[in-house]
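Report on the following structure.
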Amino acid sequence: MTQAFLIVVRILAVALFLFWGYRLWTGTQSWTSRILGSMFSALLIWQSTFGTWT
């Protein structure tokens with residue numbers, strides 16, 4: 000796979016995770032769910048943009 004293709008895939012993944020985080024934030028009234036959902040979305044974005052778990 001080319002480098003450009005991988006960059007596009009990462010951008011699309013980040014957009015998906017941001018949308019998912021937004022839907023979690025606006026879809027619930029519970030602050031606990033909002034915080035946990037935001038943290039999980041941030042973790043997914045971090046891993047998809049900056050590499051592996053180690």
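If you read the sequence shown in numbering that gives the first Met the number 0, its first letter stands for residue 0, the second for the next number, and so on.
By construction, the Cβ of each residue, glycine as well, lies at the ideal position given by its N, Cα and C atoms.
How would you call residue i, buried or exposed, if buried means at least 16 neighbouring beta carbons within 10 angstroms?
i	result
Gly50	exposed
Phe16	buried
DSSP on residue i, reduced to helix/strand/coil?
i	result
Ser29	coil
Thr48	helix
Please find out if some non-hydrogen atom of the ligand FAD comes closer than 7 Å to the beta-carbon of residue i.
i	result
Arg33	This structure lacks the ligand FAD; in fact it carries no ligand of any kind.
To which residues of the same chain is residue i closer than 8 Å at the C-beta, ignoring the five residues directly before and after it?
i	result
Trp24	Arg33, Gly36 and Ser37
Spatial neighbours of residue i within its chain, please: C-beta separation below 6 Å, excluding the five flanking residues on both sides.
i	result
Gln2	none
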